[in-house]
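Here's the structure we're looking at; comments come further down.
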Amino acid sequence: MKVDFPEDIKCWYAISCPTAGLRFDSRTLEFLDSDHDGRIRSDEVAAALKLLEESGVSREELFSPAADLDAKIAENAARQADLAKEEPSEEEKAALAKWEEEGRSPEVEVLGEATAEAEKALSAVEGAIDSFFAPPEDMPLVTDAPDVELPLSGRINPKYSEEIEKFALLCVKPLIGSSTVVTRSDWKKIKSSFAPYRSWAAAKPETSAAAKAQLVQEEKLLRYRRYLGEFLVNYVTMCRLYDKGKPAMFQMGILRIDGKEMSLCFHVENEAAHSALSGKSKCCVLYLKLTRPSEGGVRSICAVVTAGTIGGLYVGRNGVFYDYDGKDWDAVVTKVVEAQVSLLEAFWSPWRKLGESIASTVKKFLGEKQAAADAKLSTSVSKAASQKPSDSASAASFAGSIAAIGIGVGFIGAAAASLMAALSRMSPWQIGGSLIALILVVSLPSMLLAYLNLRKRDLGAILNAGGWAVNRPMKLSMKRSRDFTKCAPNKGLFALFAVFALAIALLAAGSHFFSKRESCAGSAEKSVQFVEVPSQNEAVVK
69 MKVDFPEDIK CWYAISCPTA GLRFDSRTLE FLDSDHDGRI RSDEVAAALK
119 LLEESGVSRE ELFSPAADLD AKIAENAARQ ADLAKEEPSE EEKAALAKWE
169 EEGRSPEVEV LGEATAEAEK ALSAVEGAID SFFAPPEDMP LVTDAPDVEL
219 PLSGRINPKY SEEIEKFALL CVKPLIGSST VVTRSDWKKI KSSFAPYRSW
269 AAAKPETSAA AKAQLVQEEK LLRYRRYLGE FLVNYVTMCR LYDKGKPAMF
319 QMGILRIDGK EMSLCFHVEN EAAHSALSGK SKCCVLYLKL TRPSEGGVRS
369 ICAVVTAGTI GGLYVGRNGV FYDYDGKDWD AVVTKVVEAQ VSLLEAFWSP
419 WRKLGESIAS TVKKFLGEKQ AAADAKLSTS VSKAASQKPS DSASAASFAG
469 SIAAIGIGVG FIGAAAASLM AALSRMSPWQ IGGSLIALIL VVSLPSMLLA
519 YLNLRKRDLG AILNAGGWAV NRPMKLSMKR SRDFTKCAPN KGLFALFAVF
569 ALAIALLAAG SHFFSKRESC AGSAEKSVQF VEVPSQNEAV VK
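All residue numbers in the sequence shown are consecutive under this note's numbering, ending with 610.
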C-alpha cells in the first residue's frame, strides 16, 4: 500500500481527535492516548511513529503489516493473562528494593533526578556522534583534522537539530559547561559519566511486575505495527474516507431512509452542540435517534445527505440503520439541518415555490369568495334556518361551495383563454423556445447558486462538530457525493419530462388552432361584398 505521508504536522488533516465514537482497536487507542485524557493529539501520534522508527520498523511495513501479527498479539495477551495470576515472591521484592537503593548513589545519579532524562538524550545522538568522532585506529596516518570539534549549533543536520539541542542542554551544559563545541575528550567524559547509570539500569532484577511491563511494551509495538498504519490514513491523510473499498474509522454504518442509502454517518454525543456547528459545513445533516429493543440500546448519530432531494426528509421520519458490527437499529429523524444537496433539487426549487405561492393565492381568493357567498346565502335563508337549522346550514354551505367552484373555474378559464390568445400569435417553434427560455430564466440562477454552494461543502466541519481538530479543509466533490448517498432510480422523472413535452405539444396545437381560426374569420370578412341596391323611387324615376 503506497501512501503519500507528510512529515510536517502542519500538513496533517487532523491534529487531535476524541477516542470515543471510533471504530478502531481500543487497545491501540489506549496506547496512543498516552496521557489518558480521552483525546489523541498529533504529538502523541508522532511519538508512536518515532518509537517504531527506533525499533527498526519501516514505513512500508507499517502500511503493509505482516500476516502473523495477529497471532503474535494473541500470544502476548495469553502470556500477560498467565503472568497476572502470579504474585512476586519475597526474594523478588527484596532484590528490587536493593536495586532501587543502589540507584540513589551519587555515582549512578550523576545528574540527580535528571539523570534518566539526560541518558535518553545521550542515547538519541550517541550513534551519530560516535560516527563523527571516528576512532583513531580508523584514521589515516596523516590527517588534516586530528582532533575535530562537534559544533552544537549552526551547521547541524536538520534531522538531528532537535536531538543535539536537547543533548547540549541536558548533558553538555551540566557536565562540561556552557560550551558551543564538543571535543573528542569531552565526548569520552560524557559517555563515561553515564556508564554507572547504564550498568545499574541493565542490572534491574527480573520480577513479575517488570516482566509484565516488558510484555505491555511488546504489545504496544505489536499493535502499532498492526494498526498504526490504518490509523494514519484516517487521521493524517484522510484517504480512507475517499476509499470506496473500506469505510473510515469515524463512519458508523449505513442509513436507509426515503429511498436513499447514506454512508456518511457519524457518532453524536450532544445533538444540540453538534447541530449548532454542523451548519458551517454547507451540508444537509440529519440527526437520528437509534433504538434496538432487543438489547435496550439507545444512541444518536448524524447522517450527511449528499445527493437526491430532501423533500421527503422531516422530523419523525422512520428509517433503518445498519452498523458495521452487523446490527440493525430503528432510526427516527429528530432534527434536520437543511442545505442544498443536488442540482436537480435546485432546478425544481423555484418552481416548487412558485406553485406553492399560486396555490396559496388561489386558496385565499376562493376562500374570500366563498365567505362572501356564504354570508349572502345565510341572510336570504334566515327564516328557513329558524325552522330547519340543520338543513338550511347544509344547503347554504353546499351552495357556497358551488359558487366558489364556479368562480374558480371561471378564473382558470379566463386565464387559459388569455394564455391561448397570446400563444395564437406565435409559431410552435417560438412557443418551445419561449418555454425553454422561461425555464432557464427561472431555474438557472438557482442552479448556479446551488453549484457554488455544493462546491463549498466541507466535511471537516462535521468532524469538528464531533470534537475533532481538523487542520485542513475536506471538500466534497460532486462525483464523490453520489457515492456517499445512493438514491433509488427515479422513474417518475422520465414521466415528468414526457408530461412537459406533451404540454408543449398541446400548447403548440392550441396556438395553431386559434391562429387558423382567426385567419378563417379574416378571410370570411374579406369575402363579403356590400352591393348598394337602389330604392323603388329611384327606379321609377329612371
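Quick reminder that beta carbons are idealized off the backbone N, C-alpha and C, glycines included.
Query: Take the Cβ of residue 82 as the centre, count every other Cβ of all protein chains shown within 10 Å, and call the residue buried at 16 or more, exposed below.; Result: buried
Query: One question on the structure: do residue 544 and residue 527 come within less than 8 Å of each other, judged by their Cβ atoms?; Result: yes
Query: Between residue 318 and residue 106, which are expected to be in contact by the criterion C-beta below 8 Å, what is the C-beta distance as a whole number of angstroms?; Result: The pair is not a contact, with the Cβ atoms about 15 Å apart (cut-off 8 Å).
Query: Express the C-alpha separation of residue 533 and residue 247 in angstroms, rounding to a whole number.; Result: 50 Å
Query: Quick one: using the 10 Å Cβ neighbour count with 16 as the cut-off for buried, is residue 596 buried or exposed?; Result: Residue confidence for residue 596 is low, a pLDDT of 49 falling below 50, so the modelled location carries little weight and cannot support an answer.
Query: Within the continuous alpha helix (DSSP H) that includes residue 386, where are the two ends?; Result: Residue 386 -> not in any alpha helix (DSSP H); beta strand (DSSP E) instead, spanning 386 to 391.
Query: Would you report the Cα separation of residue 93 and residue 99, rounded to the nearest angstrom?; Result: 10 Å
Query: Any idea what DSSP makes of residue 596, helix, strand or coil?; Result: Confidence is the limiting factor: at residue 596 the pLDDT is only 49, short of 50, which leaves the residue's position unreliable, though a coordinate-based value still follows. It is coil, neither helix nor strand.
Query: Let me check understanding here. Comparing Cα to Cα, which of 524, 339, 111, 170 lies closest to residue 38?; Result: With the chain covering only 69 through 610, there is no way to say anything about residue 38.
Query: Give the secondary structure of residue 555 by DSSP, where H, G and I count as helix, E and B as strand, and everything else as coil.; Result: strand
Query: Check the C-beta distance from residue 377 over to residue 410 and give it rounded, since I have them as a contact under 8 Å.; Result: 7 Å
Query: Pull up the CB-CB distance for residue 342 and residue 320, whole angstroms please, since I reckon it's below 8 Å.; Result: At roughly 14 Å, the Cβ-Cβ gap does not stay under 8 Å, so residue 342 and residue 320 are not in contact.
Query: Going by Cα to Cα distance, which pick from 258, 547, 288 is closest to residue 118?; Result: 288
Query: Would DSSP call residue 381 helix, strand or coil?; Result: coil
Query: Give me the Cβ distance between residue 358 and residue 399, rounded to the nearest whole Å; I'm assuming they're in contact under 8 Å.; Result: 5 Å
Query: In the DSSP output, which residue or residues are listed as bridge partners for residue 335?; Result: 369
Query: Relative to the C-alpha of residue 353, which residue among 223, 553, 129 is closest?; Result: 553
Query: Excluding the 5 residues flanking residue 367 on each side, which residues of the same chain have their C-beta closer than 6 Å to its C-beta?; Result: 358
Query: Would you report the Cα separation of residue 303 and residue 245, rounded to the nearest angstrom?; Result: 43 Å
Query: State the start and end residues of the unbroken beta strand (DSSP E) segment that holds residue 311.; Result: Unbroken run through residue 311: none, as it is neither H nor E.
Query: Check whether the region 253 to 270 touches the region 186 to 199, counting contact only when three or more Cβ pairs, one atom from each stretch, lie closer than 8 Å.; Result: yes
Query: Figure out for me which residue from 291, 284, 86 has the closest Cα to the Cα of residue 129.; Result: 291
Query: Given a cut-off of 8 Å, decide if residue 273 and residue 397 are closer than it, judged by their beta-carbon atoms.; Result: no
Query: What residue does the alpha helix (DSSP H) around residue 95 start on, and which one ends it?; Result: 94 to 100
Query: Assuming residue 556 contacts residue 364 under a Cβ cut-off of 8 Å, what Cβ separation, rounded to an integer in Å, is found between them?; Result: Not quite, the Cβ-Cβ distance comes to about 32 Å (not below 8 Å), so this is no contact.
Query: Mind checking which residues open and close the alpha helix (DSSP H) that includes residue 193?; Result: 183 to 200
Query: Using only alpha-carbon positions, find the residue among 383, 420, 76, 423 that is nearest to residue 227.; Result: 76
Query: I'd like to check one pair, residue 120 with residue 293: are the Cβ atoms closer than 8 Å?; Result: yes
Query: Counting C-beta neighbours from all protein chains within 10 Å, is the total for residue 535 16 or more, i.e. buried, or is it exposed?; Result: buried
Query: Alpha carbon to alpha carbon, how far is residue 116 from residue 538?; Result: 20 Å
Query: Would you mind sorting residue 282 into buried or exposed? The rule is 16 or more other CB atoms within 10 Å of its CB.; Result: exposed
Query: List the residues that DSSP assigns as beta-bridge partners of residue 399.; Result: 358, 387
Query: Where does residue 166 fall in DSSP's three states?; Result: helix
Query: If you draw a straight line from the alpha carbon of residue 439 to that of residue 430, how long is it in whole angstroms?; Result: 14 Å
Query: Contact check, residue 201 vs residue 252 under 8 Å by CB: the rounded distance?; Result: 5 Å
Query: Report buried or exposed for residue 175, applying the criterion of at least 16 other Cβ atoms within 10 angstroms of its Cβ.; Result: exposed
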